[in-house]
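Residue numbers (my numbering): 598 to 851.
Think of the CB as a built atom: it goes at the ideal place given N, C-alpha and C, for glycine as much as any other residue.
A quick note: this is a predicted structure, and the numbers were derived from the prediction, not measured.
Presented below is the structure to which this report refers.
Take a look at the structure:
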């Protein structure tokens, strides 16, 4: 116990105020009333750091825009929004970040009688790594090595009463994302991503969502900017399913 206390007493306390995030907007190749352009901004901030421990908060906002008539006379029909509000407790260990976080997620309907279609609160455990790929002028294959950048998490939707959950049947879930930088050349980074979500329902059923992405990024002083092509390989989860949809987008990372 004394050894443990002496170790944590030697840790430094700081208030870094560092943040990281992204903005993206994507256009669907098969637009309809449910999807034409989606846009999302997401940011996480580290508030307090004590040795390897970090406390932070995060916010994500996604806006849904559809095509309001078959002729496309009115293209942008803003009909919904998706919010994520997070509180995160992290522990750095051997180049990995282990996290315990709460995630408040809600889907809002615009100009409808029930403006909040679904909301959910969950508690997640996760682990992630971070890699720094090389932006090279001459061709470099696998510029960050063979290990992808990844994030994995598992969550439970608790408390289960109506004050914390509405409009969904999720009981617990598994999530993963893998990012492979494949080629760096002429100052651009080309890579591929795979994202997966698996949901287990309160009635014993399950649903899932998988999408893949190809991207090309350019390094800028504030981070990265790039373009991407995303395809929803499989999507059976009940909230705004995008099964089979393909979109083209732009993204800015900081």
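| Item | Value |
| --- | --- |
| Supposed close pair residue 812, residue 828 - CB separation, criterion 8 Å | Actually they are not in contact, since the Cβ atoms of residue 812 and residue 828 sit about 12 Å apart, beyond 8 Å. |
| The beta strand (DSSP E) enclosing residue 848, as first and last residue numbers | 843-850 |
| Own chain partners of residue 725 with C-beta closer than 6 Å, once the 5 adjacent residues on each side are dropped | 694 and 748 |
| Whole-Å CB distance - residue 750 paired with residue 721, under 8 Å assumed | 5 Å |
| Pair within 7 Å by beta-carbon distance, residue 760 and residue 625 | no |
| Residue 640 to residue 701 span [Cα, whole Å] | 15 Å |
| Three-state class that DSSP yields for residue 629 in the structure shown | coil |
| Beta-bridge partners of residue 736, as assigned by DSSP | Residue 736 is not bridged to any residue. |
| Spatial neighbours of residue 627 in its chain, beta-carbon cut-off 7 Å, leaving aside the 5 residues before and after | 842 |
| Closer than 7 Å to chain B by CB, residue 754 | As a matter of chain content, chain B is missing from the structure shown, which is built from one protein chain. |
| Those residues which DSSP pairs with residue 681 across a bridge | 657 and 702 |
| Residue 728 to residue 823 span [Cα, whole Å] | 18 Å |
| Three-way DSSP call (helix, strand, coil) for residue 792 in this model | strand |
| N-terminal and C-terminal residue of the beta strand (DSSP E) that residue 820 is part of | 820-832 |
| For residue 711 and residue 778, the rounded distance between their alpha carbons | 43 Å |
| Reference residue 763, options 799, 773 and 738, closest by Cα | 799 |
| 4 or more residues per run - each alpha helix (DSSP H) lying fully within the region 742-803 | none |
| CB contact flag (residue 754, residue 717, <7 Å) | yes |
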